[in-house]
Amino acid sequence: MPRGKETSEDIRKKVVTAHRSGGSYKTVSKRFQLLPSTVRQIIYKWRALGITATLPRTSGINVHVSTIRRNINRHGIHGRVARRKPLLSRKNKAARLKFAREHLDKPEAFWTEESKTELFGLNHWHHI
């Protein structure tokens, strides 16, 4: 849906020329029968991009997030986040201490752990 009547390329160039010769937004807008905000936008675009041509607009298609998610899921791609493992409770700490005291005579290889544990790092979410 168009916003309104589009200003022609020729008028845009004339607006830029009039502004460069020292005309204010108000005087230029009265001269070309445009709104001051339109003149300001033309000048802003000319300063930023160096052009006065109308750039193509985006498609304007709005798609809801749930529509995208539904189509991705339909193809078998599911984004799930694993639940966080709770920290040890007092009961679990006591049970671990009891286990450790009972197995003090075990060799050192029994007590080494090969897995990485990171409580408060960036790797606490794992997508499945």
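Every letter in the sequence shown is one number past the one before it in full-length UniProt numbering, and letter 49, counting from 1, is 49.
The beta-carbon is built from N, C-alpha and C at its ideal position, and this holds for glycine as well.
It should be emphasised that the depicted structure is a prediction, and the values quoted were computed from it without experimental measurement.
Proximity below 8 angstroms, CB of VAL9 to CB of THR38: Reading off the sequence, residue 9 comes out as Glu, not Val. No, Cβ-Cβ distance for GLU9 and THR38 is not below 8 angstroms.
C-alpha distance - LYS106 paired with HIS64, whole-angstrom precision: Cα to Cα, LYS106 sits roughly 59 angstroms from HIS64.
Alpha helix (DSSP H) segment containing LYS45, residue limits: For LYS45, the enclosing alpha helix (DSSP H) starts and ends at 36 to 49.
HIS103 burial status per 10 Å Cβ neighbour count (16 or more: buried): Exposed is the call here.
Same chain, Cβ closer than 6 angstroms to LYS26, neighbours up to 5 away in sequence not counted: If the five residues before and after LYS26 are omitted, its C-beta is found closer than 6 angstroms to the C-beta atoms of PRO36, all from its own chain and listed in chain order.
Endpoints, the alpha helix (DSSP H) within which ASP10 is located: Residues 9 to 20.
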